[in-house]
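Note sheet for the following structure.
In the UniProt record's numbering, the protein residues as written are 1 to 428.
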């Protein structure tokens, strides 16, 4: 019934022929077109390794592949993607983080530390409103007192920037020890702190107290070390029936100032068998306490003080600075038997005959004469000094092709090599 209202459409016969003709025409045009020219850009090839590569891509894939051993047949994709040792590695990482505790001292900019503290939440209200303050009245030398304050709830915590050991802070003790080790005092340390924009060091009285404690500890350690050196010498060289061993020592002195105006000096004896210090003798011509009471009147109190102070007086030498080395060597040789059960039968010096002449007959009671051994370095140095003196006194010896400074240095080195070679030949 509806076909009467919607009649069927029949296209004309010529439409099919026209469509077929149009398709053939387009195909002919496409086939007749020239091929498209390639552009000048070539895509960069990826490097995938060669025979000389340390590790190929395939081996990397094999390393990163996940093992499904131990998982069920119907395990999810997420379970296969999670590495098998992830849980163990995480626990080990947490354990390492707990064990790796930072220690020591650092130079820290307080502005950076304050900005970091501002990002931390409060312990009570959990609001990030913390500020870092310094309480200058509670500062102890280089140990500052800091206060962490919450502006929201008022919670605060005070702490020092250094650990307290007994009655002193570790940073102050270390500061004094470091200053003395590099040859500086409190004035130089104060200047250093000022240039670094840091708090000043301890005041003079605490600074002197730290000095005394450090001196006591250094003396104790040095005595123990020298006793250990003496034991090593006894183990190397057999002793006599009385337990006294013989060894050679190298003796040399040092002074606080160069020249002949130094008021303080030190003489040391180094074992030729172990290369360690076996004894030392500090010498000084001044005492601060004696200077303070130098102009005191002669009263019974002053006489009593001098009698008590004589045992602890720092001035243990009277004479010139060059005479400190012979005196120190004599004192060490005289107490060697009582102190370490040792006899220094060989003296290695720098050519100074004054020291050797004093210690030559120290062990005369034991019918032992100390033998003098020359240092090769000092012998060749004296040769160079004599040649330079001769060149200066005798005109015409210097110049090109003659006794020049370079020639003297060469002769000096050859002289030392010849002495050492002769010693090797003469050894049994």
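No residue lacks a Cβ here, since even glycine has one placed at the ideal position from N, Cα and C.
For a test of the three-state rule: what should DSSP assign to residue i, helix, strand or coil?
i, result
"residue 338", "helix"
"residue 372", "strand"
"residue 172", "helix"
"residue 270", "strand"
"residue 152", "coil"
"residue 197", "coil"
"residue 47", "coil"
"residue 263", "coil"
"residue 204", "helix"
"residue 164", "strand"
"residue 140", "strand"
"residue 250", "strand"
"residue 179", "helix"
"residue 325", "helix"
"residue 147", "strand"
"residue 363", "coil"
"residue 345", "strand"
Using 8 Å for Cβ pairs, my map puts residue i next to residue j. What's the rounded Cβ distance?
i, j, result
"residue 200", "residue 193", "5 Å"
"residue 355", "residue 317", "Between residue 317 and residue 355 the Cβ distance is about 15 Å, and since that is not below 8 Å, they are no contact."
"residue 143", "residue 114", "Actually they are not in contact, since the Cβ atoms of residue 143 and residue 114 sit about 18 Å apart, beyond 8 Å."
"residue 347", "residue 359", "6 Å"
"residue 378", "residue 351", "5 Å"
"residue 189", "residue 175", "7 Å"
"residue 315", "residue 337", "That pair is no contact at about 27 Å."
Roughly how many angstroms lie between the CA atoms of residue i and residue j, to the nearest whole one?
i, j, result
"residue 291", "residue 361", "37 Å"
"residue 268", "residue 256", "14 Å"
"residue 303", "residue 413", "59 Å"
"residue 234", "residue 272", "13 Å"
"residue 231", "residue 345", "17 Å"
"residue 157", "residue 122", "11 Å"
"residue 265", "residue 376", "25 Å"
"residue 211", "residue 132", "33 Å"
"residue 328", "residue 402", "44 Å"
"residue 368", "residue 333", "13 Å"
"residue 382", "residue 261", "24 Å"
"residue 279", "residue 159", "45 Å"
"residue 154", "residue 221", "50 Å"
"residue 399", "residue 386", "17 Å"
"residue 299", "residue 288", "20 Å"
"residue 218", "residue 209", "14 Å"
"residue 422", "residue 416", "10 Å"
"residue 274", "residue 238", "15 Å"
"residue 216", "residue 124", "47 Å"
"residue 296", "residue 135", "45 Å"
Along the chain, where does the beta strand (DSSP E) containing residue i start, and where does it finish?
i, result
"residue 159", "156-160"
"residue 242", "That residue, residue 242, is in no beta strand (DSSP E); it is neither H nor E in DSSP."
"residue 350", "Counting along the chain, residue 350 falls outside any beta strand (DSSP E), and DSSP gives it neither H nor E."
"residue 131", "130-134"
"residue 284", "277-284"
Quick check on the burial criterion: 16 or more other C-beta atoms within 10 angstroms. Buried or exposed for residue i?
i, result
"residue 419", "exposed"
"residue 172", "buried"
"residue 229", "buried"
"residue 340", "buried"
"residue 226", "buried"
"residue 47", "exposed"
"residue 408", "buried"
"residue 281", "buried"
"residue 313", "exposed"
"residue 127", "exposed"
"residue 119", "exposed"
"residue 164", "exposed"
"residue 343", "buried"
"residue 326", "buried"
"residue 380", "buried"
Output the boundary residues of the alpha helix (DSSP H) element that contains residue i.
i, result
"residue 403", "Counting along the chain, residue 403 falls outside any alpha helix (DSSP H), and DSSP gives it neither H nor E."
"residue 115", "110-118"
"residue 292", "288-292"
"residue 308", "300-309"
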